[in-house]
Amino acid sequence: VYVGGVAGQDTHGNLLQDLLDSNGIDKSGVVISRDRSTITKMRILGDRQQMMRLDFETVRDVEQQELE
């Protein structure tokens with residue numbers, strides 16, 4: 657299994673990398689960026705149903721310098 661994407665150099669990014677490592681998943685396609693946070697999602701539940709989802713993310717294109 658191989659995964660690719662962009663994660664931040666933060667707590668959630670570290671957790672993501674640890675989970676990928678512990679499950680033997682190739683993370684060589686994951687770019688770690690100091691300039692953005694790792695996407696996090698919060699689900700608000702009511703009576704066992706999702707009422708709302710909040711997404712915390714940096715919305716912009718990945719720049720060439722982040723890929724190097």
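Per the working numbering, residue 657 is the first one in the sequence shown, and the count goes up by one each step.
Positions of the beta carbon are idealized from the N, C-alpha and C atoms, including for glycine.
- Residues of the same chain with a CB within less than 7 angstroms of the CB of residue 676, apart from the 5 flanking positions on each side, are 659 and 683 in chain order.
- Here residue 665 carries a coil assignment [DSSP, helix/strand/coil].
- Contact check for residue 674 and residue 697: beta-carbon distance about 19 angstroms, past the 8 angstroms limit, so the pair fails to qualify.
- Judged by DSSP secondary structure, residue 689 falls within the beta strand (DSSP E) whose first and last residues are 682 to 689.
- Annotation for residue 718: 662, 687 and 689 place their beta carbon closer than 8 angstroms to its own, counting only its chain and skipping 5 residues before and after.
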